[in-house]
Each structure stands twice: as C-alpha cells, then as structure tokens.
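Participant: In our numbering, the protein residues as written are 1324 to 2252. We treat Cβ as the ideally placed atom computed from N, Cα and C, and that holds for glycine. Note that this is a predicted model, so its numbers are computed, not measured.
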C-alpha cells in the first residue's frame, strides 16, 4: 500500500463531527450536504463512513449515483437493498423486474399500487434491520439520480421512503439540485438538516497542506505552498492536484519555477488554474494517461475491461487497476470491483483535455469503435449464460429455483447495462452505421422483449446524438419514438404523437423514403384513439406507397390493417377486398417466414370475423380453422386463443352458446401467464360473460314485454362472475379499449339480476356502471358503446317505469350520433322500439306502432343477437298484437306493412300476423290489460 492509500481525512472536522452528532438524533431522517463540484463532498462521506463504523452505527457502503445505471428511484433502492440481507436483495431484484415488465402492462392505478407494495417491502426490511441498531445510508452525487425530466418525481419518491423509516438516516451529498427543494417541502425542520460546503480560507488551506505533508512525509516548500494557496482559490480538488503532482514529482514546470506574480497572466490565456491542472494529467505515465482519458468517457471499468479496451495483458491491466486507485481523482465503485473518475475531473478532462488533444474527435471515435466491438461481444457472451441458467431453472429442485431466478435477473441487468454501453459507443464512433445498429437492436427489444423502461433508456441514448443525425435519421428516430408511445395507455400522449408526426409529414418531401412509415404509425395511433376514418386515410396512403414501391413483404400487413379499419366502419365489401389483397400479396412469397405466416393467419382470422358478422357462418368457420392451423404451425398459442375467441364471438351472436363456451374455455386454457396474456384473458372472460348472459334467458312464448322476460339466476351469476373478471383485468392492465363494452354489459347483467330479485343495490350499481360506460366511450371515441350505453339508459328507465327521460335519450342519440345511424342500426332501431313500448304501455297504439315501423327494419338490417335478436323483437310485437282488439290489430298490422313495403321478409311477417289475427277473430277477442 502506498502512502497515498493511507491518507487520513483533513480539513472538514467540524462538518464531520456535526454529522456524526446529527445522525444520533432520533427525529432526524435526512442530512443533505451540498457544494459545487470538487469542494470535498466525497472525501467527507468517505471519512464519515469510517468514523460511523468505528462507533458501531450500521453504515452502508457509499452509494454513488454518478453511474449510468441510476435512471430512477428504484435503481437507488436496488443499491440500498444490497446493503441489507442477501435474501432481501434477491427478492427485491426479482420483484423490481416484475414491476418494470408491468410498467406498460398495468393501468396507471394498478402500476402505482404495485410500486407502493414494492416500496413497502423495502421499508419493512430496512425497519426490521434497524430495529437492532441505527442505520445510516450514505449516497453521493445525488444530483445525477434519475433522468432529468423525472428528477422531481424521483426525489418525492425518496422523501416518501425516508418518512416511513423508523430508525434510519440518509446522508445525501451532491451539487445544488431540485433535491433540496423537494426535501424541504417534505420534512419538518427537526427531520432534515442541510449543510453547505464552501471553499477553504487561506488559513484552512495552509492547515490542510500541512496535514498532507505530515501524512506523506514530504515537504512542498513555502513558495509552492503559497502558490497553491493563492491559485487554488480554496478548492480542495485543486489543492489535491497540487499536492499529488508534487508528491509524484510530476509538478508542472511553470508552477514550480515561475514567479507567483506572473502566473495569473499565463493562466488567463490558458483557461485558469483548473484547466492547467487537469491538462497536466496527460503528463502522467503513459498507461495511466490512457486510462484517465478512457475513464473520462467510458465508465465504470474493471480490470478485464481495461485489458481489452487498452489492449493490455491481464497482469498489466490488473496492476494498472490497483495503481489507479492510489490517485485522488480515481474512485472505486460497485463495491470496489470497478473504478471511475470523480465527476468533476471527468468534466474538466472533457472541457480542457479532449478539446486540445483531439479537436476532430478521431481519437475518441477510435476508442468508441473498440469499445462498441468489445461490449457487443460481451453482450453475445451473456446470452448463452442466461439460457444455461434458464435450462437449470426447469431441471433443478424447486428450492434452487429462486436462486437461479435471481442469477438470471443479475445477468439480465448486466446485459442491459452492457447493451447501453455498446450502443452509445456505436453511435459515437460512426453515426451512420451506429444509428442502424441502434435501431435494429432497440426495435428487436421493443417487439420481442417488450421491455418498455429499457427501450426508453435506449431511446434517451439515441436522443443524445439527435442534433447530429441526418434528416432521414431524425425522422426515423421520431417515427420509432411514436411507435413506442403508441403502446402507452395514455390517450393524451397518443394525441401529442399524432400532432408531432403530422407536423413532420407537412415538412417532408413527397419522395421521402420514410413517408410510408409515418403514415403507418399515424394509422396505428388513430386506430388506438378509435378515430377510424383518420386511421383509414393514413393506412391507405401507406398502402399506396408500399404498392408503388412493390414492397411485397410490407403489403400484406398494411392491407390487413386497411381491411380491419373498413370493418370497424361497417364497410364490409371494402374490408373483404383489402383482406384478400393482402392475402394475394402474401401468396406471391414462395417461402413464408414466421412473420408473414402470422400476418396471413391474422388475415384469415379477420376474414372469419367479417363473414360471421355477415351471417355467412360456413365461410367464417373455414377461415377461423385456417387461421388456427397457421398459428399452430408457428406454435403461437396466444394467437390461437385469439382466433378461438373471435370464432366464439360469432357463435355467441348466432346463438350457438354451447360451442362458443367450449371454444372460450379452450382459449382460457392456453393462457398460463396473466401478465403476458391479460388482453386475451380479458376478452375471453368478456365473451364468456355475454355467452352466459344470453343463454340465461328462460324461453317463454307468452311474454309480450321485455320486462316479463325471466332469467336463469345461476347462469346470470356465472355471467356476472366472468364479466367481473374481465373488468378486473381491464382495470388492472389499463386495457382502455375493452372498458366501454365490459362496463355496459356488466351493467346489463347487474340490472337483470337486480330487477328479477328486487335488489335495488344491484340496479343502482348497474346505472352507475352504464353511465361510466357512456362517459368512457366518449373519452376513447368508442361510438359503438357510446350509442349502446345511451340506449341502455333508456332501457333501464323503461324497466323502472320512469318514462319521462326516454325521449330525451332518443333526441340525444339523434342529435349527437346521427352520422352513425347507418353503421349501428341495431341500437337506433332499439331506441325506437323502446319509445314504442312506452307508448304501448300508455295505450297510444298508433304512436307505438309508428315507432315499431321505424325501428324494426333497422334491427332487421343488423339481425341483432341474444335478447336483442330480430326474432325476439318480432315475437314480442306479435304478442302485443294478440292483446289488442281484432280491428285495431288489423289496422296496426296494415300500418306496419305499408311502411315496410321495401322489406320483403317483414312484409311476409305482416301477412302471417294478419292471417293469425283472422284466425283469432273466430275465437274470443283479447284486450290489452
């Protein structure tokens, strides 16, 4: 060990003693030490750690936030968990991984709940350990914690964490930042102490240097001491430079030989004392010189990294690694396994050294080329290690599984950190090839691993280079960012992305190679906003471009999306046309890969659903079978389940409840992971609930009004259970597009259960859920369920015999949703039928049948389903007619027939009713009761 390794702390004894005293005050939660870079905060923390250990206060290692791994509050908590029990750290790491994977799976509320549960886990573990002795967590460079745009939120999280600790203190050190403001707003005066470190006075510097001379057993000389006192300005780091250079006998000639009166003039021309001090780093011995420059850009490093990046032998690299730690500006990190430069020295090297020695950046680009290649190799080496552990996980005893999971997670974290370093250096070395590498790697992670938080980190890396990208690369980056954000739950974020892309589109030339991508993403975003006409406009433009460029691999997918949008708009013929266009394009590929196979399966699945909506059940079943066979060929259980749910949806509409139930149960059995399969499970339970509800109707031919329909309460309860499961999944995972339908249908089931059992509480819940469905539908532009839930309001009021608002609902439907009357004919027909039923109850038969005359053709056009099928509706009207006097019945039937002259099937039904009425005339006439 060198003399430098044995240096004792000097110069901040007053602060040190005060902190040690504060730590022992029971009400204190946080000590914040602030000061500019190089003022001595880190050395103070190092001395504090040593002293606290001596007085038997449980003290953490110094957790340094000056590392690229500290992106959020949980990253800091990971290092805190490391200071506790091994089992705590292992469990924390696994639970943190789950939280991050859930970040874009869960709804905002559910995600925050899970985050709070994880926070509570850590709090409980800290409190458990601190019940034995007071704990102190020492955290350095806190101004670097978290990405800049979320730093305030990070500090609110840390403040909340500290508030919950029973017997622990956080010692935080850093440059002035938002941390102080947040902490002062969060804590009482006795709970928080803020200290500021300032420059030494001349007397302090004199004392400081004297202590250093005594410890190092050498003398600087009065003249040199005088120069350092004057030139350092009381900055500890500048004093350290002077002392270290003198001790190592590499002191700059001008500092040693020039007169103090002439030095300021020289420094004024070169950038000042700090500039000259840091430039002199390059005068150290060659290997240390190279390592210092390397660490100013690529850090932290271990001895293996140093060997590869500086092309040294293992032995030489290990020796350099050890020797480097004797320099004051090198600090050990990650438990001493790696080293980094002090952040102020890194800043100074970047500012003064690189600008002098590498004006064209070729040296730095060369270093980054070497680093990118090295970290890429490390990345590929870590893959097999992870796979090997995954094999062990499935073959080892159950008691080993948790440890293997932890080891896998550590490799995942290491690989993610390694990937960030690979891609950053690739971008720095060469923006052309580096950006392509970044895009391919990051897009693969986005589409396959779906690690949203990690993709965001990689996106932030690319944005560091955005100003130097060429115009097409900038657009490609923006489009990629929009693709990432299109997966977010937040509606306003999607709307913002639409505006940004439309702005870019207006600036692009018609020949831009990225126009197709922009149109495609705009189509995706508008689809998720339920703005189907806008989405269709953009996807058709995208399709036109890829067809014009004969991009055969892209045509099937885009045509499939165009077909889907036409189907959403009830343009069934156009939908079929584009589905088949996509299919024909895919058929031109002789050897389809997995991706194309999945697109072709999706087209068949969509065609099946389309044919089912058009009541062509034979063709629908053929297409669903083809889709399932194709997805089976690529072993895609999740997509097979989707096809089974789509097929079951059509069967439910067709009244084939037994087969639909079988398919839905089969789809549910394919889903073994709620986190990954949440949307499939949500949809499956939704359709299962509908299936149980529709099949719960007790058939009774004598029923003449909807309020008389009886339901199998056991099946209705099963429907309630399935729909509640669907709602729980939608709310937990933020499946916004599923909510309007679930809320409305569960409201309907609650209503019928409450109505039949006389449970007013259930009926009140139904009204609340249906109103929520209406408002949610409007918020997310889901016009189908906005209309359905509005009709539901009228239906519930009719059951409750509260008729006075029903005409208002009908007027709102007409005024607000008039443009949708030819798309959602079933619901426009139902509101007219409900108005007719009100008039019938009030014995206003002419008005009632005028409403039926308008409404029934609309229901007939759609066909209806379940309790709203055209068969059901006509049967209820028939039973109403049978309750009326003979002549009145004949007149009303004739009134219907005259208005249904363009509907052959309905005219025939009128003839049937007229004949039945004539038969009834031969018997005793009935009257409406």
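1) DSSP three-state label for residue 1655, please.
2) Mind checking residue 1544: buried by the 16 CB within 10 Å criterion, or exposed?
3) Check the DSSP bridge columns for residue 1463 and list the partner residues they point to.
4) Would you call the segment 1470–1486 and the segment 1414–1433 in contact, with 3 or more CB pairs under 8 Å?
5) Which runs of the alpha helix (DSSP H) spanning at least 4 residues fall entirely within the segment 1938–1979, listed in chain order?
6) On the criterion of 16 or more Cβ atoms from any shown chain inside 10 Å, does residue 1901 qualify as buried, or is it exposed?
7) Just the C-alpha distance for residue 1347 and residue 1468, rounded to the nearest angstrom, thanks.
8) Pick out whichever of 1794, 1803 and 2158 has its Cα sitting closest to the Cα of residue 1782.
9) Please report how far the alpha carbon of residue 1439 lies from the alpha carbon of residue 2038, in whole angstroms.
10) Report the CB separation of residue 2153 from residue 2189 in whole angstroms; it is logged as a contact under 8 Å.
11) Which one of 1359, 1393, 1449 and 1744 has the shortest CA to CA distance from residue 1558?
12) From this set, 1871, 1924 and 1915, which residue's C-alpha is nearest residue 1883's C-alpha?
13) Taking all protein chains shown into account, do 16 or more other C-beta atoms lie within 10 angstroms of the C-beta of residue 1580, making it buried, or fewer, making it exposed?
14) Return the CA-CA distance between residue 1844 and residue 1877, expressed in angstroms with no decimal places.
15) In whole angstroms, give me the CA-to-CA distance for residue 1303 and residue 1391.
16) Can you tell me the Cα-Cα spacing of residue 2220 and residue 2170, whole angstroms?
17) By Cβ distance, which residues of its chain are closer than 6 Å to residue 1951, with the 5 residues on each side in sequence left out?
18) Using three-state DSSP, classify residue 2027 as helix, strand or coil.
19) If you drop the 5 nearest sequence neighbours on each side, which residues of the same chain put their C-beta closer than 6 Å to that of residue 1669?
20) Assuming residue 1690 contacts residue 1617 (C-beta within less than 8 Å), just tell me the rounded distance between them.
21) Taking the beta strand (DSSP E) that residue 1496 falls in, what are its first and last residues?
22) How should residue 1849 be labelled, buried or exposed, when 16 other C-beta atoms within 10 angstroms of its C-beta is the threshold for buried?
23) Alpha carbon to alpha carbon, what distance is there between residue 1768 and residue 1890?
24) According to DSSP, which residues form a beta bridge with residue 1518?
25) How is residue 1407 classed by DSSP in three states: helix, strand or coil?
26) How far does the alpha helix (DSSP H) with residue 1614 in it reach, from first residue to last?
27) Taking the continuous beta strand (DSSP E) assigned at residue 1662, which residues delimit it?
28) Going by C-alpha to C-alpha distance, which of 1959, 1500, 2246 and 1854 sits closest to residue 2205?
29) What's the call for residue 2045, buried or exposed, on a 16-neighbour Cβ count within 10 Å?
30) How far does the alpha helix (DSSP H) with residue 1541 in it extend, from its first residue to its last?
31) Between residue 1364 and residue 1496, which are expected to be in contact by the criterion C-beta below 8 Å, what is the C-beta distance as a whole number of angstroms?
32) With which residues is residue 2020 paired in a DSSP beta bridge?
33) Please classify residue 1329: is it buried, with 16 or more other beta-carbons within 10 angstroms of its beta-carbon, or exposed?
34) Within the same chain, show all residues whose beta-carbon is closer than 6 Å to that of residue 2212, passing over the 5 residues directly before and after it, in chain order.
35) If I measure Cβ to Cβ from residue 1532 and keep anything under 6 Å in the same chain, skipping five residues before and after, which residues do I get?
36) Which of helix, strand or coil does DSSP assign to residue 1361?
Facilitator: For this structure:
1) Residue 1655 sits in a strand when the DSSP states are folded into three classes.
2) Per the 10 Å Cβ criterion, exposed.
3) Secondary-structure assignment with DSSP links residue 1463 through a beta bridge to 1387.
4) Too few Cβ pairs lie closer than 8 Å, so no.
5) Counting whole runs of 4 or more residues, the segment 1938–1979 contains the alpha helix (DSSP H) stretches 1940–1956 and 1960–1976.
6) With 16 or more Cβ atoms within 10 Å of its Cβ, residue 1901 is classed as buried.
7) Distance between the alpha carbons of residue 1347 and residue 1468: 26 Å.
8) For the residues 1794, 1803 and 2158, the minimum Cα distance to residue 1782 belongs to 1803.
9) Whole-angstrom Cα-Cα distance: 38 Å.
10) Contact flag wrong, Cβ pair sits at about 12 Å.
11) Looking at the Cα atoms, 1359 is the closest of the given residues.
12) Of 1871, 1924 and 1915, the residue nearest in Cα terms is 1924.
13) By the Cβ neighbour-count rule, residue 1580 is exposed, with fewer than 16 other Cβ atoms within 10 Å of its own.
14) Spanning the two alpha carbons is a distance of roughly 14 Å.
15) Nothing in the structure corresponds to residue 1303, since the chain is present only between 1324 and 2252.
16) Taking C-alpha positions only, residue 2220 is separated from residue 2170 by approximately 15 Å.
17) Residues 1963 and 1966 of the same chain have their beta carbon placed closer than 6 Å to that of residue 1951, with the five preceding and five following residues left out of the count.
18) The three-state reading of DSSP puts residue 2027 in coil, since its state is none of H, G, I, E or B.
19) These residues qualify, in order along the chain: 1619.
20) Taking a contact as a CB-CB distance under 8 Å, the pair residue 1690 and residue 1617 counts as one, their CB atoms being some 6 Å apart.
21) It spans 1491–1497 - the beta strand (DSSP E) in which residue 1496 sits, taken as one unbroken run.
22) Counting Cβ neighbours within 10 Å, residue 1849 comes out buried, since at least 16 surround it.
23) Roughly 31 Å between the two C-alpha positions.
24) DSSP output for residue 1518 lists 1356 as bridge partner(s).
25) If DSSP states are grouped into helix, strand and coil, residue 1407 belongs with coil.
26) Note, residue 1614: alpha helix (DSSP H), 1609–1618.
27) Per DSSP, the continuous beta strand (DSSP E) segment holding residue 1662 begins and ends at 1661–1664.
28) Checking every option, the nearest Cα to that of residue 2205 belongs to 2246.
29) Burial call: buried.
30) Premise fails: residue 1541 is in no alpha helix (DSSP H) and is neither H nor E.
31) In this structure, residue 1364 and residue 1496 form a Cβ contact; the two beta carbons are roughly 4 Å apart against a cut-off of 8 Å.
32) Per DSSP, 2034.
33) Confidence is the limiting factor: at residue 1329 the pLDDT is only 41, short of 50, which leaves the residue's position unreliable and the question unanswerable from this model.
34) Residues of the same chain with a CB within less than 6 Å of the CB of residue 2212, apart from the 5 flanking positions on each side, are 2204 and 2240 in chain order.
35) So the list reads 1548, once near-sequence residues are dropped.
36) DSSP places residue 1361 in coil when its eight states are reduced to three.
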